[in-house]
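A.B. asks: Right, I'll just put the structure down here and ask away after.
Numbering (my numbering), first residue to last: 4 to 939.
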């Protein structure tokens with residue numbers, strides 16, 4: 004062996020290092036400032052033992068310089084020595100309930116977890132927190148997030164801004180550039196430690212095998228319910244499932260599945276999903292208590308009621324922005340005048356097409372074309388015109404099955420196994436130029452022109468009703484999102500709302516025509532405009548995009564034929580972070596279009612009733628499509644369109660009753676599962692204290708604002724205050740500082756109070772690279788007796804009655820944690836200690852006394868006295884080191900107890916757990932507080 008152990012200080016290559024691990028020939032070491040980016044492997048024969056230098060009494064600073072060094076040390080930590088190492092390197096404060104998935108993960112040698120929390124509870128934070136913890140512990144070497152391309156940039160931003168993880172996007176638009184930079188024997192996933200990958204891009208036959216072979220050992224799968232094969236209507240779901248099956252086949256790969264709809268109503272699909280976590284779960288008896296207990300090891304699912312139970316009586320209850328209620332209201336309208344006549348003409352044409360003789364394939368194409376026409380006419384005149392002039396996608400089919408697959412994807416509201424991209428395009432209603440008689444083609448063109456002429460609230464009762472509702476919401480202080488089914492409808496609605504509202508609100512529409520990044524940018528631009536805002540969107544925003552910061556209400560302009568889609572839409576605003584106590588959800592439906600009223604009653608209202616009675620938003624079981632099918636067939640095949648006879652004549656009542664019985668049974672099963680899968684038995688009250696201690700050691704968010712401003716000012720920058728942060732003119736900074744901060748010639752830096760920060764601005768959070776680099780630069784300059792921070796100081800104050808010395812001490816701990824790696828970890832912890840010089844001995848202050856002393860008001864002190872007291876304090880340091888070592892051992896014992904307490908609260912293993920303090924401790928700063936009347 005080299006003779007050095009983890010935590011030892013060594014000197015090499017002109018600087019000091021902290022040993023992370025060592026063997027006979029090599030040492031893995033980290034710079035003394037804690038910068039993990041410059042971690043290096045050193046030859047054992049090139050290093051020598053080093054000792055940490057004491058503060059220099061000739062380099063004395065004031066109380067501001069002392070506080071700056073203390074904050075720089077806190078920010079510079081990349082991990083905590085406590086039971087939650089990740090909390091030191093994230094910019095978000097997880098709520099108590101969001102720690103539950105991580106506690107479950109602590110139990111597992113290899114994490115296999117399905118997080119099925121409700122929409123809006125914070126699954127991204129929960130899964131990323133587990134990932135960050137595994138990475139900090141050394142239990143994972145890298146991370147890949149699999150998601151839809153529409154959510155890739157959002158995942159990248161979340162990982163970067165909140166968790167300090169710089170992930171590379173692997174999408175069709177980026178893969179070529181990434182591959183050109185590789186060696187011939189290298190893959191993207193070997194080169195890039197952290198990646199966010201489009202699931203549909205990487206699942207292809209050409210790419211998935213290399214991905215599986217070189218994928219990192221930690222994978223998060225977003226919207227995991229789209230990755231099952233059982234019951235999938237397309238090859239896409241089967242390919243996604245194949246990909247996950249092969250990833251899960253590696254028993255050492257951590258796998259975290261994330262979805263708000265783990266059980267889509269299809270039992271076999273749910274079995275596919277949980278079977279990825281453990282093959283035994285595919286056949287477990289979920290009707291038995293033992294079976295549910297077995298699943299609970301790998302599955303966490305919380306509903307709104309569970310979250311409120313967690314928050315009840317905790318310190319998070321008052322400061323957790325979470326809506327208390329969702330008010331729903333249904334708004335009916337009746338088509339009148341020319342619109343009603345045109346709708347009748349379209350219905351007549353649709354009936355004619357489905358009754359014409361033809362092959363099975365032709366009949367299926369005609370059926371989907373007719374259905375597209377009915378949906379678009381009910382949506383808007385512009386959508387109707389677009390559909391009347393567009394070929395049905397089903398025309399390209401060669402079999403009935405293929406026609407059904409294409410038709411379902413373009414007309415129905417699918418949420419289970421189809422990609423979100425492209426679902427908002429106007430559905431085609433024409434059966435094909437070759438097959439259409441010339442008279443039909445001319446007829447459809449006339450209808451399209453007629454629909455174009457009736458646009459606007461004067462001829463469109465649905466639009467007029469919407470304008471009235473939006474004005475009412477704005478008057479009540481609500482900014483709404485209006486969800487439409489088709490792109491032409493969204494454009495049409497946005498145009499007319501902008502005219503009707505005038506200066507009362509800013510209006511913008513976002514559809515699938517915009518790339519994912521442009522959608523987010525458009526929303527942020529709208530939110531930044533003064534006054535009220537109205538967003539008109541298609542379902543390209545119904546999943547993944549968080550809208551609670553700018554909007555508080557949802558209007559379903561087009562009734563979805565799947566309640567899950569309604570839940571997804573409303574979940575964009577009714578979620579964690581929503582400041583409004585009550586959010587509103589309005590559903591518009593037509594009384595005279597033959598379908599909306601029954602769909603609303605059979606599907607949407609039943610969904611609400613189940614959710615209200617059981618607290619469980621259960622998806623529609625298999626058979627929900629049968630209701631729609633019965634309704635549409637009844638409408639298309641009967642001669643008389645009288646709605647009151649539709650149920651009796653075409654079996655909707657029977658189909659509805661069967662569906663409701665199945666639905667209620669599923670809801671009863673799921674409601675019983677809530678207590679088990681909510682993991683209410685986890686002792687979070689014991690964990691909360693440990694989290695509070697870690698947060699206290701890391702400092703408050705306001706500390707970062709003051710630190711960055713004072714540090715840059717201390718280096719010479721000129722600060723310009725702004726309401727949302729500040730700007731810094733950096734031209735006066737020393738060249739060495741500019742180089743360390745990596746300015747690349749920039750003359751100004753802009754800082755924003757919170758995340759997300761606007762483009763070109765740095766958020767004032769501990770994960771921002773500029774903030775962390777500044778903290779390390781301040782620490783490095785203080786160690787070199789340069790810069791604005793000082794390791795030594797003397798302050799005269801009325802807050803002390805005797806000479807009192809404050810010590811800023813950095814302890815290094817050697818942690819051995821239970822887990823599959825079994826390797827030791829070096830962690831740091833900053834302690835601010837203080838003692839007063841009593842008549843016969845040193846008296847160490849309590850933590851509360853130290854906290855009070857740090858806020859003491861300083862008075863002017865003579866320079867000669869400052870230098871003399873600084874020299875005296877430094878001379879006493881050797882006598883204090885024994886006490887500091889003893890304190891370090893006591894801290895190590897407390898940390899071990901904290902680890903045991905947290906692991907005990909979750910039922911995780913503790914065998915092999917050990918925390919040892921490395922001595923001697925590093926005394927970074929000594930600050931003397933003198934009483935006003937003397938210097939004793």
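All C-beta atoms, glycine included, are put in the ideal place defined by N, C-alpha and C.
Tell me which residues share the same chain as residue 193 and place their Cβ nearer than 6 Å to its Cβ, disregarding the 5 neighbours each side in the sequence.
C.D. replies: Taking the first residue of the chain shown as position 1, residue 193 is located at position 190. Same-chain partners within the cutoff: 217.
A.B. asks: Scan the stretch 354-433 and note each continuous alpha helix (DSSP H) run of 4 residues or more that stays entirely inside, going in chain order.
C.D. replies: Complete alpha helix (DSSP H) runs here, min 4: 363-382, 384-391, 403-414.
A.B. asks: Between 888, 929, 904, which lies nearest to residue 792 when the distance is taken from Cα to Cα?
C.D. replies: If you number the chain shown from 1, residue 792 lands on position 789. With distances taken between Cα atoms, residue 792 lies closest to 929.
A.B. asks: Might you give, ordered along the chain, the residues of its own chain that have their beta carbon closer than 6 Å to the beta carbon of residue 309, omitting 5 neighbours on each side?
C.D. replies: Here residue 309 refers to the residue found at position 306 of the chain shown. Excluding positions up to five away in sequence, the list reads 681.
A.B. asks: So, at 8 Å on beta carbons, what are the nonlocal neighbours of residue 49 in its own chain, with the 5 sequence-adjacent residues on each side left out?
C.D. replies: Taking the first residue of the chain shown as position 1, residue 49 is located at position 46. The residues are 15, 16.
A.B. asks: How far does the beta strand (DSSP E) with residue 817 in it extend, from its first residue to its last?
C.D. replies: Mapped onto the chain shown, residue 817 falls at position 814. First-last of the beta strand (DSSP E) with residue 817: 807-819.
A.B. asks: Using the Cβ count rule (16 or more neighbours within 10 Å means buried), how would you classify residue 293?
C.D. replies: Counting from 1 along the chain shown, the entry for residue 293 is found at position 290. Its Cβ having fewer than 16 others within 10 Å, residue 293 is exposed.
A.B. asks: Can you name, in chain order, every residue of its own chain whose Cβ lies under 6 Å from the Cβ of residue 571, other than the five neighbours on each side?
C.D. replies: Here residue 571 corresponds to residue number 568 of the chain shown, with the count starting at 1. Same-chain partners within the cutoff: 545, 546.
A.B. asks: Can you tell which of 95, 551, 389 has the C-alpha that lies nearest to the C-alpha of residue 757?
C.D. replies: By one-based count along the chain shown, residue 757 stands at place 754. For residue 757, the nearest C-alpha among the options comes from 95.
A.B. asks: Please report the distance separating the alpha-carbon of residue 414 from that of residue 185.
C.D. replies: Counting from 1 along the chain shown, the entry for residue 414 is found at position 411. Counting from 1 along the chain shown, the entry for residue 185 is found at position 182. Going by the C-alpha atoms only, they are around 43 Å apart.
A.B. asks: Rank 924, 799, 608 by C-alpha distance to the C-alpha of residue 833 and give the top, closest one.
C.D. replies: For this step, residue 833 is matched to residue 830 along the chain shown. Considering only alpha carbons, the answer is 924.
A.B. asks: Report the CB separation of residue 591 from residue 474 in whole angstroms; it is logged as a contact under 8 Å.
C.D. replies: Along the chain shown, one-based indexing puts residue 591 at 588. Along the chain shown, one-based indexing puts residue 474 at 471. Residue 591 to residue 474, Cβ: 15 Å. No contact.
A.B. asks: Using only the alpha-carbon positions, how far apart do residue 877 and residue 716 sit?
C.D. replies: Stepping through the chain shown from its first residue, residue 877 is reached at position 874. Stepping through the chain shown from its first residue, residue 716 is reached at position 713. The alpha-carbon atoms of residue 877 and residue 716 are separated by roughly 28 Å.
A.B. asks: Three-state secondary structure (DSSP) at residue 321?
C.D. replies: By one-based count along the chain shown, residue 321 stands at place 318. Low per-residue confidence applies at residue 321: pLDDT is 43, beneath 50, and the placement is therefore not dependable enough to give any value.
A.B. asks: Mind the definition here: the stretch 394-414 touches the stretch 374-381 only if three or more C-beta pairs lie below 8 Å; say whether that holds.
C.D. replies: Yes, the stretch 394-414 touches the stretch 374-381.
A.B. asks: When you compare only the Cα positions, how much space is there between residue 319 and residue 694?
C.D. replies: The sequence position of residue 319 within the chain shown is 316, counting from 1. The sequence position of residue 694 within the chain shown is 691, counting from 1. Because residue 319 carries a pLDDT of 47, less than 50, the predicted location of this residue cannot be relied on, and no value is offered for it.
A.B. asks: Residues in the same chain with beta-carbon distance under 8 Å from residue 131, minus the five sequence neighbours each way, listed in chain order, please.
C.D. replies: Within the chain shown, numbered from 1, the residue matching residue 131 stands at position 128. Cβ neighbours of residue 131 beyond the five flanking positions: 161, 162, 165, 166, 168, 223.
A.B. asks: To the nearest angstrom, report how far apart residue 385 and residue 228 are at their CA atoms.
C.D. replies: Here residue 385 is taken as the residue at index 382 of the chain shown, counted from 1. Here residue 228 is taken as the residue at index 225 of the chain shown, counted from 1. About 34 Å.
A.B. asks: So residue 566 is in the alpha helix (DSSP H); what residue range does that whole segment cover?
C.D. replies: In the chain shown, the residue the question calls residue 566 occupies position 563. Taken as a continuous stretch (DSSP letters only), the alpha helix (DSSP H) holding residue 566 covers 566-573.
A.B. asks: Return the first residue and the last residue of the beta strand (DSSP E) that residue 59 is part of.
C.D. replies: Numbered from 1 along the chain shown, position 56 holds the residue referred to as residue 59. Segment: none, residue 59 is in no beta strand (DSSP E) and carries neither H nor E.
A.B. asks: Flag this pair as yes or no: are the beta carbons of residue 208 and residue 149 separated by less than 8 Å?
C.D. replies: Along the chain shown, one-based indexing puts residue 208 at 205. Along the chain shown, one-based indexing puts residue 149 at 146. No. Outside cutoff.
A.B. asks: DSSP three-state label for residue 34, please.
C.D. replies: The residue labelled residue 34 in the question sits at position 31 within the chain shown. Strand at residue 34.
A.B. asks: Compute the beta-carbon to beta-carbon distance between residue 285 and residue 297, rounded to the nearest angstrom, for a pair I have assumed lies under 8 Å.
C.D. replies: What you label residue 285 is simply residue 282 of the chain shown in a count that begins at 1. What you label residue 297 is simply residue 294 of the chain shown in a count that begins at 1. At roughly 12 Å, the Cβ-Cβ gap does not stay under 8 Å, so residue 285 and residue 297 are not in contact.
A.B. asks: What are the start and end residues of the beta strand (DSSP E) that includes residue 24?
C.D. replies: Taking the first residue of the chain shown as position 1, residue 24 is located at position 21. First-last of the beta strand (DSSP E) with residue 24: 18-25.
A.B. asks: Helix, strand or coil, according to DSSP, for residue 872 in the structure here?
C.D. replies: The sequence position of residue 872 within the chain shown is 869, counting from 1. Of the three classes helix, strand and coil, the one that applies to residue 872 here is helix, per DSSP.
A.B. asks: Could you name the residues of the same chain whose beta carbon sits closer than 6 Å to that of residue 409, not counting the 5 residues immediately before and after it, in chain order?
C.D. replies: Position 406 of the chain shown, counted from the first residue, corresponds to residue 409. Cβ within range, chain order: 396, 397, 400.
A.B. asks: Mapping DSSP to helix, strand and coil, what is residue 506?
C.D. replies: Here residue 506 is taken as the residue at index 503 of the chain shown, counted from 1. Here residue 506 sits in helix by DSSP.
A.B. asks: Going by DSSP in three states, residue 712 sits in which element: helix, strand or coil?
C.D. replies: Indexing the chain shown from 1 puts residue 712 at position 709. Note: residue 712 maps to helix in three-state DSSP.
A.B. asks: Looking only at its own chain, which residues have a Cβ that is under 6 Å from the Cβ of residue 526, when we skip the five neighbours before and after it?
C.D. replies: By 1-based counting over the chain shown, the position of residue 526 is 523. There are no such residues.
A.B. asks: Counting C-beta neighbours from all protein chains within 10 Å, is the total for residue 611 16 or more, i.e. buried, or is it exposed?
C.D. replies: Mapped onto the chain shown, residue 611 falls at position 608. Counting Cβ neighbours within 10 Å, residue 611 comes out buried, since at least 16 surround it.
A.B. asks: Would you mind stating whether residue 159 and residue 172 have Cβ atoms separated by less than 8 Å?
C.D. replies: In the chain shown, residue 159 corresponds to position 156, counting from 1. In the chain shown, residue 172 corresponds to position 169, counting from 1. Closer than 8 Å, so yes.
A.B. asks: Give the secondary structure of residue 653 by DSSP, where H, G and I count as helix, E and B as strand, and everything else as coil.
C.D. replies: Here residue 653 refers to the residue found at position 650 of the chain shown. Note that residue 653 scores a pLDDT of 42, beneath 50, so its modelled location is shaky and nothing firm can be said.
A.B. asks: For the stretch 785-805 against the stretch 61-78, are there 3 or more C-beta pairs whose distance is under 8 Å?
C.D. replies: Segments in contact, yes.
A.B. asks: Roughly how many whole angstroms lie between the Cα atoms of residue 47 and residue 13?
C.D. replies: Residue mapping note: residue 47 aligns to position 44 of the chain shown, counting from 1. Residue mapping note: residue 13 aligns to position 10 of the chain shown, counting from 1. The alpha-carbon atoms of residue 47 and residue 13 are separated by roughly 10 Å.
A.B. asks: Report buried or exposed for residue 99, applying the criterion of at least 16 other Cβ atoms within 10 angstroms of its Cβ.
C.D. replies: Locating residue 99 in the chain shown gives position 96, where the first residue counts as 1. Looking at its Cβ environment, which holds 16 or more other Cβ atoms inside 10 Å, residue 99 is buried.
A.B. asks: According to the neighbour-count rule (16 or more other Cβ atoms, all chains shown, within 10 Å of its Cβ), is residue 144 buried or exposed?
C.D. replies: Start at 1 with the first residue of the chain shown, and residue 144 comes out as number 141. So residue 144 ends up on the exposed side.
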